[in-house]
Amino acid sequence: MHKSLLTLLLLSSAPILSLGSTVPAWELVGQKTGVSRPLWTKEITFENPQSTCAKNDTCDLKKIIFRTEDYVLPADPLVDGDPVIQSTHLFAGLVTSDVAALTRYSFVQFTRGCMWQSYMNDKNEVETEFGVLRDFLGITRIQHVFPSWVVDTSDTDPAYATVSEFGDRHYLLQHAKAIPSWIPDRQGKLFGENRPVIPFGYVTDTPGPAYYSPNMKMAVNMSLEFRMCVFKTIDVPLVTNGTDLDSKKALMCFDWESKFVFDHFAIEFKKQKNINAECARPFNAREENYHQYRLEQGGRVVPSK
Numbered sequence: 005m006h007k008s009l010l011t012l013l014l015l016s017s018a019p020i021l022s023l024g025s026t027v028p029a030w031e032l033v034g035q036k037t038g039v040s041r042p043l044w045t046k047e048i049t050f051e052n053p054q055s056t057c058a059k060n061d062t063c064d065l066k067k068i069i070f071r072t073e074d075y076v077l078p079a080d081p082l083v084d085g086d087p088v089i090q091s092t093h094l095f096a097g098l099v100t101s102d103v104a105a106l107t108r109y110s111f112v113q114f115t116r117g118c119m120w121q122s123y124m125n126d127k128n129e130v131e132t133e134f135g136v137l138r139d140f141l142g143i144t145r146i147q148h149v150f151p152s153w154v155v156d157t158s159d160t161d162p163a164y165a166t167v168s169e170f171g172d173r174h175y176l177l178q179h180a181k182a183i184p185s186w187i188p189d190r191q192g193k194l195f196g197e198n199r200p201v202i203p204f205g206y207v208t209d210t211p212g213p214a215y216y217s218p219n220m221k222m223a224v225n226m227s228l229e230f231r232m233c234v235f236k237t238i239d240v241p242l243v244t245n246g247t248d249l250d251s252k253k254a255l256m257c258f259d260w261e262s263k264f265v266f267d268h269f270a271i272e273f274k275k276q277k278n279i280n281a282e283c284a285r286p287f288n289a290r291e292e293n294y295h296q297y298r299l300e301q302g303g304r305v306v307p308s309k
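Residues 5 to 309 in my numbering are what the sequence shown lists, from first letter to last.
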């Protein structure tokens, strides 16, 4: 589940594996405890109206909670070459009438945007490379580039944070003795191992991260938008091709983003409002060759640039 560096001869610059947003990133939340600094926070709570819930048979769904936090892990001035790291934490939780009702609902996340590497060349020019990789639809180590909305999943099950080997779509749903006051800094108990003591379950996400390495003069940038949705589990198919599920059919969705693009001249990350134009550029020949290679290895056809 941890991020790692991979060296592949198919790309000139060392690709970086990003597990994407489909595997719970609880090991990243609270990283460098005491050093992480929040930059911006947001919370939205939806109370399901009991006066109208009977219309769509959701009266056992009481509350949905969404929280996000942009954060920075500043470079340690005492450590040579220590990188500055930035990303966003997400928390999405459900409160139901009883524990059994939690399985009647599932989270599905959609995403668009990209991650890429940038660096200064010998001519003091910024060059970019789509060398940040993730797993998607069962295809391993494919470029993290999705100009249009797709289901954010590492396997073919669109339900968020599922692991097919467990045979339980809610196995990785986390829970605690009480509803956390904010985004937890460590993994909660798992639904598949122990049932909750209160009818509450949640998922977390930490994409990326984006970072800058001063020694390498290289940055990993992210310009990602997400839409975390709550569906009735019965309405979530067991298999997706990445584009065949409509977020408009969800009970509720929450839009959030993680956008940190490094300015190599100002030597700082900048947050942008829109998806960066880099995400729309065509693959160069080397990137396209690698992309097609991964598709062939995965035996699937996925949305391509």
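Think of the CB as a built atom: it goes at the ideal place given N, C-alpha and C, for glycine as much as any other residue.
Residue interval of the alpha helix (DSSP H) (run including residue i)
i, result
"His295", "Ala289 to Gly302"
Same chain only: Cβ atoms within 8 Å of residue i, ignoring 5 sequence neighbours per side
i, result
"Asn288", "none"
Separation of residue j from residue i, as counted between CA atoms
i, j, result
"Pro162", "Thr210", "18 Å"
"Thr383", "Asp64", "For residue 383 there is no data in the structure shown, the boundaries of the chain being 5 and 309."
"Gln296", "Ile202", "47 Å"
"Ser1", "Lys46", "Residue 1 falls outside the range modelled here, since the chain spans only 5 to 309, and no answer is possible."
"Ile183", "Ile238", "26 Å"
"Val207", "Phe269", "37 Å"
"Leu255", "Phe204", "17 Å"
"Glu292", "Pro53", "49 Å"
"His346", "Ser158", "With the chain covering 5 to 309 only, the question about residue 346 has no answer from this structure."
"Phe258", "Asp139", "23 Å"
"Asp250", "Arg41", "36 Å"
"Ile279", "Ile89", "20 Å"
"Ser217", "Ala223", "6 Å"
First and last residue of the uninterrupted beta strand (DSSP E) at residue i
i, result
"Trp260", "Met256 to Asp267"
"Asp209", "Phe204 to Asp209"
"Thr132", "Val130 to Glu133"
"Ile143", "Ile143 to Gln147"
"Cys117", "According to the sequence shown, residue 117 is Gly rather than Cys. Here the beta strand (DSSP E) through Gly117 covers Tyr109 to Met124."
"Leu137", "Val136 to Phe140"
"Lys274", "Glu272 to Lys274"
Residues bridged to residue i [DSSP beta-bridge criterion]
i, result
"Ser51", "Rather than Ser, the amino acid found at residue 51 in this sequence is Glu. Per DSSP, Lys67."
"Ala214", "Gln90"
"His179", "Lys193"
"Gly97", "Ile69 and Tyr206"
"Ser40", "Ser40 is not bridged to any residue."
"Met232", "Gln113 and Phe258"
Own chain residues within Cβ distance below 7 Å of residue i, not counting five before or after
i, result
"Lys36", "Residue placement at Lys36 is flagged as unreliable, the pLDDT there being 44, under the threshold of 50; the coordinate-derived value follows with that caveat. Correct list, in chain order: Leu77."
"Arg199", "Val103"
"Thr160", "Leu141, Gly142, Val243 and Thr244"
"Leu43", "Asp74, Tyr75 and Val76"
Cβ shell of residue i (< 6 Å), same chain only, five flanking positions each side left out
i, result
"Lys274", "Val265 and Asp267"
"Phe235", "Ser110, Val112 and Ala254"
"Gly97", "Ile69 and Tyr206"
"Pro213", "Ile89 and Ser91"
**Request:** May I ask you to verify whether the segment 212-231 touches the segment 111-127, counting CB pairs closer than 8 Å and requiring at least 3?
**Result:** yes
**Message:** Quick check: the segment 184-196 against the segment 119-139, are at least 3 beta-carbon pairs closer than 8 Å?
**Reply:** no
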